[in-house]
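Number of protein chains: 2
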Amino acid sequence: MKKGNAMKARQIAILGGGLIGRSWSYMFAQSGHRVRICDEASESIVSARNWLAGELSSEDTARVQFCSSLEDAVSGADYVQECVSELIDVKRAIFREAVSLAPASCIFASSTSALLPDAIFSDIAHSDRCLVAHPANPPHVLPIVELVPGRSTSERTMDEVEELMLSLGQDVVRLKRASPGFVLNRLQAALVEEALSLVEAGIADPDDIDRTVRSGLGMRWAFVGPFETMDLNSKGGFEMYTRTLGPALAASAPGGPETSKWNGGAPARVATARRQLLKVSDIPARQSWLIQKLKLLRALKNGVETAGEEQHER
Amino acid sequence: MKKGNAMKARQIAILGGGLIGRSWSYMFAQSGHRVRICDEASESIVSARNWLAGELSSEDTARVQFCSSLEDAVSGADYVQECVSELIDVKRAIFREAVSLAPASCIFASSTSALLPDAIFSDIAHSDRCLVAHPANPPHVLPIVELVPGRSTSERTMDEVEELMLSLGQDVVRLKRASPGFVLNRLQAALVEEALSLVEAGIADPDDIDRTVRSGLGMRWAFVGPFETMDLNSKGGFEMYTRTLGPALAASAPGGPETSKWNGGAPARVATARRQLLKVSDIPARQSWLIQKLKLLRALKNGVETAGEEQHER
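Just so you know, the sequences run in chain order A and B. Take any residue in the first sequence, count from 1 to its spot, add 690: that is its number in this note's numbering. Take any residue in the second sequence, count from 1 to its spot, add 690: that is its number in this note's numbering.
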């Protein structure tokens, strides 16, 4: 995760004071931006205010305002982050109104995980300044955000939102185009589909799946992604990994070797990308680095798992 | 990960002094067992000896012996962990000889990730005492081991090896039956196949995939597996998650809704298994626990990532 990059403080409107809205507010305020949270429900405002008062310093809290009117929220705003319910009509209506009330230069982002940007923004006047900025849940502890452009989202909008997200300390994934599930949820869904298949076939119990991930795959993936994992697992890096294990992986792919992407053009692209990030001669040093970090995580988890098991035993 | 459970010290034979063999040796010696590492190549012995001297206390080191003869290694052994190359004929030959030389009660395990137990042990006399015990790489930092039975592996053998692995502090996944890729590599392969698909479709670059996992999915999965993640993401747990999101997940499954396991019997089994581990009313407390742990991991990574980026920049 990148440390928050310094940038000029912005005026941020958060639409919706639920769990996602307050988590975004926390990040923006903590990074020096001014925040107005808008929610029509006064209980949500009270609840968000209490939560933020407990999480933020008094200095950061002073940068957060609360309001019940959309007009107040977006007045003078540089950036709007929408966090209302996942109903297409609700989102379309709120953006239509927000665009009519906000300054001409304002950027509009939806937190949606399920809706595509073109579905939300199709009838918005300034859709070049609209996009999806999808966080993980909860945003303030998982430092990732997917920026998903619609057909008319401008490169300049993507650049500006990327800079803003980096100022929050978020790692930014910038999709080339929208696609259902974006990246994070598609990767998750693929693994879970296979996990369900193992349960259905009677090969492993549900808790065996969870254990395999949390004591194995997930620990490694907390530091290096799946492509880097394979890059580090071969002396010659990803290219050699593909040559050695690609045919077997293609043969055992869920859809069979005909449709396996191990037989397509992607592995070569991954190999090229990896070599731009790490020389083959630096692989052993990176492996040693990973081992050290896994030892630290294991020590952290040894305390953690005890607490977790107590939790489970209640 | 479970803390190492106390058990009577055993005599362990490690066949092969490479990276996996020495890592197993480290775990067994550190947990109080006596270890004999066997390798015909004297360079391997020297290299393993040096590595272990650097990693183990002198008290633990004193429990490790080195030899070049299989007979010396398995003489008096309670347990044999084979870590030679992934060639079926080499493994079959070494097990045939080891079984003829070891005590009648000895248990024989292969570290293989690619070969099925019945392929390795089909012509072994005591195949009820044979199995695959597959670690992650490297075993001593990733606390997971998959126990994979062959057709004739006895329950008693599985029980004894599970107890032995728990004494090392390893988390144990006990497969009901063998299947190519076991559990860990099948889950990994499913996610990577989807990752390659996203690269091939031009939706995301390879490093975007890695970033999504290491700053998002992987951090969560380092503490809770994929089923628990979904269980915690719905007020009503996995059962409600399935009802709310199952149809959409099935519709967007790689093979389409007809073959999606979201439409099969597995989700109900997962829901039942989750409720045996955690009450619905305890979900909020477990969510809070996870958030605290993610904050600790994020702090750990903030140091880590800096080191990692330096590495990448060299």
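Quick reminder that beta carbons are idealized off the backbone N, C-alpha and C, glycines included. No experiment lies behind these values; they were computed from the predicted model shown.
- If you draw a 10 Å sphere on the C-beta of residue 883 of chain B, you find 16 or more other C-beta atoms in it, and that means buried.
- According to DSSP, residue pairing for residue 705 of chain B in a beta bridge involves B:728 and B:772.
- Using a CB distance cut-off of 9 angstroms, residue 847 of chain B does not count as an interface residue toward chain A.
- Against chain B, a Cβ distance below 8 angstroms from residue 827 of chain A picks out 923.
- Following the DSSP letters along the chain, one finds residue 800 of chain B inside the beta strand (DSSP E) bounded by residues 797-800.
- Taking 9 angstroms as the threshold, the shortest C-beta distance from residue 930 of chain A to chain B does not fall below it.
- Remark: three or more beta-carbon pairs, one from each stretch, lie closer than 8 angstroms, so the segment 905-922 of chain A and the segment 900-910 of chain B are flagged as touching.
- Look at residue 913 of chain B here: in three-state DSSP terms it is coil, with no helix or strand label.
- Residue 891 of chain B carries a coil assignment under DSSP once its states are collapsed to helix, strand and coil.
- In terms of Cβ geometry, residue 767 of chain B and residue 703 of chain B form a close pair [threshold 9 angstroms].
- Residue range 896-902 is occupied by the alpha helix (DSSP H) that includes residue 896 of chain A.
- Of all C-beta pairs linking the segment 753-771 of chain B to the segment 718-733 of chain B, three or more are shorter than 8 angstroms, placing the two stretches in contact.
- Residue environment for residue 770 of chain A: buried (at least 16 other C-beta atoms within 10 angstroms of its C-beta).
- In chain order, 886, 889 and 896 make up the part of chain A whose C-beta sits under 8 angstroms from the C-beta of residue 960 of chain B.
- Secondary structure of residue 860 of chain B (DSSP, three-state): coil.
- Neighbours of residue 926 of chain A across chain B, judged by C-beta separation under 9 angstroms, do not exist; the nearest C-beta is about 16 angstroms away.
- Using a Cβ-Cβ cut-off of 9 angstroms, residue 798 of chain B does not count as an interface residue toward chain A, since no Cβ of chain A sits closer than that to its own.
- Between residue 829 of chain A and residue 717 of chain A, the alpha-carbon positions lie close to 8 angstroms from each other.
- Taking a Cβ-Cβ threshold of 7 angstroms, none of the residues of chain B is close to residue 948 of chain A; the smallest such distance is about 13 angstroms.
- If the five residues before and after residue 815 of chain B are omitted, its C-beta is found closer than 7 angstroms to the C-beta atoms of 789, all from its own chain and listed in chain order.
- Looking at A:990, A:950, A:927 and A:991, the one whose alpha-carbon comes closest to that of residue 965 of chain A is A:927.
- The alpha-carbon of residue 957 of chain B is positioned some 14 angstroms away from that of residue 924 of chain B.
- The C-beta of residue 721 of chain B comes no closer than 9 angstroms to any C-beta of chain A.
- Contact annotation: residue 879 of chain B and residue 987 of chain A have beta-carbon atoms that are not nearer than 9 angstroms.
- Of all C-beta pairs linking the segment 818-834 of chain B to the segment 786-802 of chain B, three or more are shorter than 8 angstroms, placing the two stretches in contact.
- Interface with chain B (9 angstroms Cβ-Cβ cutoff): residue 938 of chain A is included.
- For residue 987 of chain A, the enclosing alpha helix (DSSP H) stretches over residues 973-1003.
- The C-beta distance from residue 984 of chain B to residue 976 of chain B rounds to 13 angstroms, too long to meet the 8 angstroms contact threshold.
- Going by beta carbons, residue 870 of chain A and residue 945 of chain B fall outside the 9 angstroms limit.
- Relative to residue 808 of chain B, the option among B:712, B:778, B:714 and B:765 whose CA is nearest is B:778.
- Contacts between residue 802 of chain B and chain A, judged by CB atoms closer than 9 angstroms, are missing: the closest CB pair is about 13 angstroms apart.
- Between residue 973 of chain B and residue 873 of chain A, the C-beta gap is not smaller than 9 angstroms, which leaves the two residues out of contact.
- Residue 781 of chain A counts as buried, since no fewer than 16 other beta carbons sit within 10 angstroms of its beta carbon.
- DSSP, read as helix, strand or coil, puts residue 937 of chain A in helix.
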